[in-house]
Amino acid sequence: SQTIHQWPATLVQPVGSPLSLECTVEGTSNPNLYWYRQAAGRGLQLLFYSVGIGQISSEVPQNLSASRPQDRQFILSSKKLLLSDSGFYLCAWSGLAGREQFFGPGTRLTVL
Amino acid sequence: SQQGEEDPQALSIQEGENATMNCSYKTSINNLQWYRQNSGRGLVHLILIRSNEREKHSGRLRVTLDTSKKSSSLLITASRAADTASYFCATEGSGYSTLTFGKGTMLLVSP
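The listed protein sequences correspond, in order, to chains R and H.
With the first letter of the first sequence counted as 1, position 6 gets the number 1228 in our numbering; the numbers rise by one all the way through.
With the first letter of the second sequence counted as 1, position 7 gets the number 949 in our numbering; the numbers rise by one all the way through.
Right under this line is the structure:
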């Protein structure tokens, strides 16, 4: 069966520090991968998605970036965090674009 | 924006009652999906309904889709305290390959 992992689960970082969040998927190959951010009490905002290794589409211009160095690995990064980057970051995968997505447990990021 | 909007924002009911949540969207879609999120957790896919379908059932869940009104409803019958969660609709728009999520409905089921 397929599983999706995210780490770390929680993170507290100072403003201006770098960020690296990792997501890995097991049990499937060539998944579509997604990074979302969820502000408190809000819906999900799609940040990046990838249909293959090295292929990244950005939905919202900001100081975040994403990379997909391996088929089942998706990384969210920032060189300098802003206060507004605080939130709940969710990684998800799907077998086909537009079909059901399977979410990881999320990373709670607090920027102070 | 094709974003879905759920209604109501919050719903509080007693165990055994039915819960109905609605979702409206703005543009034509290929499918509409409902997800559930327990507090502090990732989302869990519940059900997908295609644009050419009008109703779908899964256990205690019933989803309807009215493409002429650009709306969908999720009915949870005989609710349980364990159904307490936030529920989101998500749409795959025609010509898009990603999902757009609404802001969700917070459901509280009291024992």
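Where is the CB? At the ideal position from N, CA and C, for every residue including glycine.
Over the uninterrupted beta strand (DSSP E) stretch that includes residue 1225/R, give me the two end residues. 1225-1229
Name the chain R residues whose beta carbon is nearer than 9 Å to that of residue 975/H? 1321, 1322 and 1323
Skipping 5 residues on each side, what residues in its chain have a beta carbon closer than 8 Å to that of residue 943/H? At residue 943/H the pLDDT is 44, less than 50, meaning the model places this residue with poor confidence and gives no usable figure here.
Could you tell me the boundaries of the beta strand (DSSP E) in which residue 1274/R lies? 1266-1274
Can you grab the Cα-Cα spacing for the pair residue 966/H / residue 1286/R, in whole Å? 30 Å
Taking Cβ positions, are residue 1331/R and residue 1237/R nearer each other than 8 Å? no
Going by alpha carbons, who is nearest to residue 1267/R out of 1051/H, 1050/H, 1046/H and 999/H? 1046/H
Quick one: which chain H residues come within Cβ less than 7 Å of residue 1271/R? 1040
Is residue 1317/R close to chain H, meaning its C-beta is less than 8 Å from at least one C-beta of that chain? no
Whole angstroms are fine: how far does the CA of residue 1036/H sit from the CA of residue 970/H? 6 Å
How big is the Cα-Cα spacing for residue 960/H and residue 991/H? 20 Å
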